[in-house]
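J.: Sharing a structure, written as structure tokens. Questions coming.
Numbering (the working numbering), first residue to last: 76 to 410.
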């Protein structure tokens, strides 16, 4: 049965994305997804979607490599923040408190068992629209951009992991997130594990990294309004030379309508109509899929693209060869 601690986390607060092709990546998010730059600091720019209440959700940072920096998660109260910090500290994975920064107040930094860098916080800066960005409706954060993909908000994040079980147990037992779905492999391990904070069907996901590396990034997702927006996005990406990896299509797990692309820096990005399916029952039991059931493919039968478990960021050595071998249905063998 769910307890109050299962609702200590509100949502993803922000993600730092690293890119070796900064200008091209900025064009992707600012111009194709219609995000707005709200701050700049050092080698980073901060961007937001049009209906997000916080100052930003994406920190785009110029880097020699790709992947993610920190993921921020907002708690539902100061008391919830203290509870999660106490639980994290007991695991030995905590890094300590950090001073306020762009858009957020004091935060507590930690890592998950796979080495992904994270932080929790409560105090936040609300976005205040200016004359150029003021919406017609006062219950909307900013004006609807009416261009490009029109990404409304960030939806969820998926991490690759060398040990899905260890990371999943951390989110279940330490972060107290509720499970929504998971995939059990024939050897007893979990191949993927989905967690939710409130009524969306998932907020955090872990997927098995077939390269065996730790701490890599799979994707994060933006939510447009409708399935049709995702179909339109496919045409926008096609016209702009963005690599479409998979979709548009419908997932079997959590029934999300999706498209996956690789932004210019090599990071995987999803557009997902995930909010169409809500889980209103606080005690909804976890749905478990077998390896054989998942092998049947996605909702309408298409097989999952093999690079889902090999293509991650930062790239590993011989990343292109590993992805190509996966597409051929072969395990990659180092020369």
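Here a beta-carbon is modelled for each residue, glycine too, at the ideal position from N, C-alpha and C. This one's a predicted model, so the numbers in the text were calculated from it and none came from an experiment.
#1: Would you call the stretch 346-357 and the stretch 296-310 touching, i.e. three or more CB-CB distances under 8 Å?
#2: Reducing DSSP to helix, strand and coil, say where residue 346 ends up.
#3: Can you tell me which residues form a DSSP beta bridge with residue 259?
#4: For the stretch 99-117 against the stretch 127-137, do three or more pairs of beta-carbon atoms, one drawn from each stretch, fall closer than 8 Å, so that the two count as touching?
#5: To the nearest angstrom, how far is it from the Cα of residue 103 to the Cα of residue 76?
#6: Tell me residue 325's beta-bridge partners as DSSP assigns them.
#7: Assuming contact is defined by CB atoms lying nearer than 7 Å, are residue 92 and residue 147 in contact in what I supplied?
#8: Using the Cβ count rule (16 or more neighbours within 10 Å means buried), how would you classify residue 141?
#9: Do you know how far the Cα of residue 385 is from the Cα of residue 399?
#10: Counting pairs of beta carbons, one from the stretch 177-187 and one from the stretch 145-164, are three or more of them closer than 8 Å?
#11: Is the number of C-beta pairs between the stretch 289-298 and the stretch 207-221 that are closer than 8 Å three or more?
#12: Where DSSP assigns a beta bridge to residue 229, which residues make up the other side?
#13: According to DSSP, simplified to helix, strand and coil, what is residue 130?
#14: Got a sec? Which residues, its chain only, sit under 6 Å from residue 328 by beta carbon, not counting five neighbours each side?
#15: For residue 387, name the three-state secondary structure that DSSP assigns.
#16: Just to confirm, is the Cβ distance from residue 239 to residue 198 under 7 Å?
#17: In chain order, what residues of the same chain lie with their CB nearer than 6 Å to the CB of residue 295, ignoring the 5 residues before and after it?
#18: Apply the 10 Å Cβ neighbour rule to residue 172 and answer buried if 16 or more other Cβ atoms are within range, or exposed otherwise.
#19: Can you tell me whether residue 322 sits near the ligand GDP, meaning its C-beta is under 6 Å from at least one heavy atom of the ligand?
#20: I'd like to check one pair, residue 84 with residue 150: are the Cβ atoms closer than 7 Å?
#21: Would you mind stating whether residue 326 and residue 373 have Cβ atoms separated by less than 7 Å?
#22: With distances taken Cα to Cα, identify the nearest neighbour of residue 366 among 264, 99, 201 and 109.
#23: Alpha carbon to alpha carbon, what distance is there between residue 358 and residue 108?
T.: Looking at the coordinates:
#1: Verdict: yes, contact present.
#2: If DSSP states are grouped into helix, strand and coil, residue 346 belongs with the strands.
#3: Note: residue 259 is bridge-paired with 265 and 365 in the DSSP secondary-structure output.
#4: Yes, since at least three Cβ pairs between the stretch 99-117 and the stretch 127-137 fall closer than 8 Å, the two stretches touch.
#5: Straight-line Cα distance between these residues: approximately 43 Å.
#6: In the DSSP output, where bridge partners are listed per residue, residue 325 has 332.
#7: If you check the CB distance, residue 92 and residue 147 do not come in under 7 Å.
#8: The residue is buried, with at least 16 neighbouring Cβ atoms inside 10 Å.
#9: Taking the straight line joining both Cα atoms gives about 10 Å.
#10: Yes, the stretch 177-187 is in contact with the stretch 145-164.
#11: No: fewer than three Cβ pairs fall under 8 Å.
#12: According to DSSP, residue pairing for residue 229 in a beta bridge involves 297.
#13: In the three-state reduction of the DSSP assignment, residue 130 falls in the coil class, being assigned neither a helical nor a strand state.
#14: Excluding five sequence positions before and after residue 328, the CB atoms of its chain that fall closer than 6 Å to its own CB belong to 256, given in chain order.
#15: DSSP places residue 387 in coil when its eight states are reduced to three.
#16: No; because the gap between Cβ atoms is not below 7 Å, this pair is not in contact.
#17: So the qualifying residues of the chain are 90 and 232.
#18: Residue 172 is classed as exposed because its beta carbon has fewer than 16 other beta carbons within 10 Å across all chains shown.
#19: Among the ligands in the structure shown, none appear at all, so the ligand GDP cannot be discussed.
#20: Yes, these two residues count as a Cβ contact at 7 Å.
#21: Yes. Within cutoff.
#22: With distances taken between CA atoms, residue 366 lies nearest to 264 out of 264, 99, 201 and 109.
#23: The C-alpha of residue 108 lies about 35 Å from the C-alpha of residue 358.
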